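A quick write-up on the structure given underneath.
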DNA sequence: GTTGGCACTCTCGGCCTTAGAGTGCTAATA
DNA sequence: TATTAGCACTCTAAGGCCGAGAGTGCCAAC
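Printed below as a string of C-alpha cells:
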C-alpha cells in the first residue's frame, strides 16, 4: 500500500509522462505543479516508489518513467474514469450514424471512429452468435456443374460459396434441392444438421454437408474476422522515432496475427479488461497495452473490440471511450438483430 | 537518341542502383564490370548522360542516380523482359491453388502472392463486369418491419442489405414480392430495372428500387474494392530509413485513397502500363513507380492489379511478374465465371 | 577519342566537448 | 523526525571538428 503522498506523486508522474513522453524529474514536477515540498523531498519519495517497483530509471541521470506495475496501480486505484464529455459523445454518435446498412461497413466504421477518438490503433471483430441457426438457403446455377450456394443465417448474416457438382445439374433440380433443405433444416444449428437422420439424395447430402461446414466454420471463427484502424496513430507517436521499432509494430498490427495476440478468448463476458505491457502473454506485445471490451447481447450475438497502443497511454480516457463505443455497438446490434 | 555505349552505361547504372540503392560512381562501375575504358572516359560519358537528363547527382561528389527519364528510357528501350523462370512460375501457381472458393479470399491471396514475388506493395481490385445483371433476389424477414435483401448477380456476386419497411410485413408477403420481382427483373441490368414500366405495389417498388440502387452502386464501384498487401516490403527498403518518409508512405498506401491514386481508369484495356515517379499525376506518388495491368475477360468481368514501390524498382522482373499473375487471374476468372 | 593525374568537394563516422537535467547523499534546520 | 539546501557526480543530447573515402571535373598528354 502506498502512502497518500506517494500515490499522488505516482499519479502526477504518470499523467506527466503520458502527455510528454519525456522521463519526469523531481525538479520539473515540483515547479510545474507548485508542490509544497522541495525537489529533494520528492527525490526521496521517488526513490521509495522506485524501490517498490512503481517507477524506474532509464539511466542514472534521467527522470522517472512509470513501470507496468505503476500503470497497473494507477489504473486500479488512482485514476478516476470520468464520463466522456457530452460533445465527444455527440461527435462519436454522429460519426456512427453515417454508417450504411451493411454490417461490415459499420464495423469498420466503428474501428475507425474508435481509433480516431483514442488516437491509437483499434480492432473491432465481426460479431457472431455462439451457435448460428440457418434461416434460409438458396442455390443459383452459374455453370453446368457449378452453383452458388447462398446461406442466410439468423442475425442477417449471409455466407456464400461456389459448389462444384460431379455432373451437370439443372436449375430446376437446384430449386428442388434448396426447397427440400429449407424445409428440413430451417432453424437448425450446424450440429443439428450434422445429426440429422433424414433420407436424402446424394446431391442433397452434398449440399447439406457444405451448409453444415460453412456454419461450423462461422461458429468456430470466433473473433477471427476483425477490422483494424489507426495504425498510423500509433506509428506517429514519439516512441517509434527509431524506424526498426516501427517495423516490429507493423508486424504486430498486421491483420493476420492481430486477433491471435489479443486476449479476446480469455476476456470476461462483461466489462473492460486492461492488459499492460508484460501482462500480455505474447512477447511481441510486451511494450504495448491493450484495452478490450466485449459488446453485443448477453447470451446472443457478441463481438469484441480493442484499443492497442504503447503502454504510455491515456488510460482513463481510453477506457471511457471503449466503454462508450461498446455500448453504442451493443445498442445498434440490439436494434438491428434482436429477434 | 543515345549512343550504344551511353545506353549500355545507363543500363549498368540503373541495374547497379536498383540493386544497391547507393549512387554509382565512375570508378566503382568500371572495376565491378571490368569495362574496357578508364573511369575518366566513363566520367565524360556520365556527364553527357546527365546533361541529357537521364541521370543526376545528389551532390557534387556523389555517384549518379537514374532520373525518371532514365528509368523511362530503360523500360522503353534498354531492358529486356525475360519470361519468368519456370520455378518461380511454379511457386506462384502453387500458392494460388491454396486459395479457397471464395472470391474475396483468392483476390486477397493474389495480392499477397504478387507482393511477395516482387517485394513491393501490391493492389488487386475485385473484378466486376461493366454492367451487372440480376440473377436472383431473395427477401428474408428478420424483424416485423425489416428484411434482409440478398441479391445474386451474374458471376456469382452476392450483395446484401437490410431493408426497413414503414409497416410490418409477413414472410409470405416477402416471398410473394421476391417471386414477382424475380419474374420481372431476372437477367435485367440496373438501367433496365430503372426504366421498367411494370405496374407494382408500393412495397414491390420499394424493393425494386433498393435492388436497382445496389446494382448501380456495384457498377459504379469500379476499381474501388481492392486488397492491398506488402506494405511491409516497401517500408523495409533503405529509402525509408528516415521515419517521416515512412509515415508519408503509410498515408499513400492507406487503403482508402489508394485506388484513387492509381491510374486504373486511364489504363489501356490490355497490356501493362508503367508510371514512373513524376509521371504519376498525384503529387504524393512522385517518388513511386506503379506497374499496372488489367485482368479478366475481354468485354466481361474485369479487374486491375498494380505493384507500387519506389522508383528504384526491378522493372523487368516486376513487369514479367505482373503479366504472369494477371494471366493467371484471367484464367481463374474464366474457369469460374464464364457463362 | 582515351587516359592518367590532380585538385577539389561532399558525406559519413568517430571523437571530443559542453550544456543541461537529473540523481543521491549529507549535514543543517524547523 | 521530516524537510531542505547544497553539492558532487552521472548521463544524454547536440554541436563541432577531423580525417578517410568516394566521387567529380578538368587538363594536358598520348
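Residue numbers (the numbering used here), protein chains in the order written: chain A, -3 to 335; chain B, -3 to 335.
Even glycine gets a Cβ: it sits at the ideal position worked out from N, Cα and C.
What you are looking at is a predicted structure, and each value in this text was computed from that prediction instead of being measured.
As the crow flies, the alpha-carbon of residue 44 of chain B is around 33 Å from that of residue 79 of chain B. Taking a C-beta distance under 9 Å as the contact criterion, residue 258 of chain B and residue 292 of chain B do not qualify as a contact pair. Taking C-alpha positions only, residue 31 of chain A is separated from residue 8 of chain A by approximately 11 Å.
Residue 311 of chain B sits in a helix when the DSSP states are folded into three classes.
Looking at the DSSP output, residue 139 of chain B shares a beta bridge with B:142.
Shown in chain order are the members of the stretch 150 to 179 of chain B whose Cβ falls below 7 Å from a Cβ of chain A: 152, 154, 156, 157 and 158.
For residue 131 of chain A, the C-beta contacts it makes with chain B under 7 Å involve 136, in order along the chain. By the CB criterion at 9 Å, residue 148 of chain B and residue 144 of chain A fall inside the cutoff. At least one CB of chain A lies nearer than 9 Å to the CB of residue 144 of chain B.
Under the Cβ distance rule, residue 247 of chain A counts among the residues neighbouring chain B, one pair being separated by less than 9 Å. Non-local C-beta neighbours of residue 185 of chain A in its own chain, meaning closer than 6 Å and more than five positions away in sequence, comprise 127 and 129, ordered along the chain.
Here the stretch 200 to 214 of chain B does not lie against the stretch 108 to 122 of chain B, with fewer than 3 beta-carbon pairs under 8 Å apart. Around the C-beta of residue 124 of chain A, 16 or more other C-beta atoms lie within 10 Å, and the residue is accordingly described as buried. At least one CB of chain A lies nearer than 9 Å to the CB of residue 228 of chain B.
In the three-state scheme derived from DSSP, where H, G and I count as helix and E and B as strand, residue 301 of chain B is classed as strand. The C-alpha of residue 17 of chain B is placed about 18 Å away from the C-alpha of residue 282 of chain B.
In this model, residue 107 of chain A and residue 320 of chain A are separated by some 13 Å (Cα to Cα). Residue 148 of chain B belongs to the set of residues whose beta carbon lies under 9 Å from a beta carbon in chain A. If you look at residue 265 of chain B, you'll find it isn't in any beta strand (DSSP E); DSSP assigns it neither H nor E. Sequence-distant Cβ neighbours of residue 221 of chain A in its own chain, meaning closer than 7 Å and more than five residues away, are 121 and 122. Beta-carbon to beta-carbon, residue 136 of chain A and residue 132 of chain B are separated by about 5 Å, close enough to satisfy the 8 Å threshold. Relative to the Cα of residue 274 of chain A, the nearest Cα in the group A:167, A:234 and A:65 belongs to A:65.
Non-local beta-carbon contacts of residue 199 of chain B in its own chain, meaning distances under 8 Å to residues more than five positions away in sequence, involve 161, 165, 169 and 173 in chain order. Interface residue (Cβ-Cβ distance to chain B less than 9 Å): residue 98 of chain A is classified as such. If the five residues before and after residue 103 of chain B are omitted, its C-beta is found closer than 7 Å to the C-beta atoms of 120, 122 and 223, all from its own chain and listed in chain order.
Among the residues of chain B, those whose CB is under 9 Å from the CB of residue 332 of chain A are 138, 139, 142 and 158, following chain order. One Cα belongs to residue 0 of chain B, the other to residue 59 of chain B, and the distance between them is close to 21 Å. Taking C-beta atoms as the reference points, residue 230 of chain A and residue 306 of chain A count as a pair closer than 9 Å. Excluding the 5 residues flanking it on each side, residue 326 of chain A has same chain C-beta neighbours closer than 8 Å at 291, 292 and 293, in chain order.
Taken atom to atom, the span from the alpha-carbon of residue 279 of chain B to that of residue 286 of chain B is near 14 Å. Judged by DSSP secondary structure, residue 65 of chain B falls within the alpha helix (DSSP H) whose first and last residues are 64 to 69. Residue burial annotation: residue 309 of chain B is buried, with at least 16 other C-beta atoms found within 10 angstroms of its C-beta.
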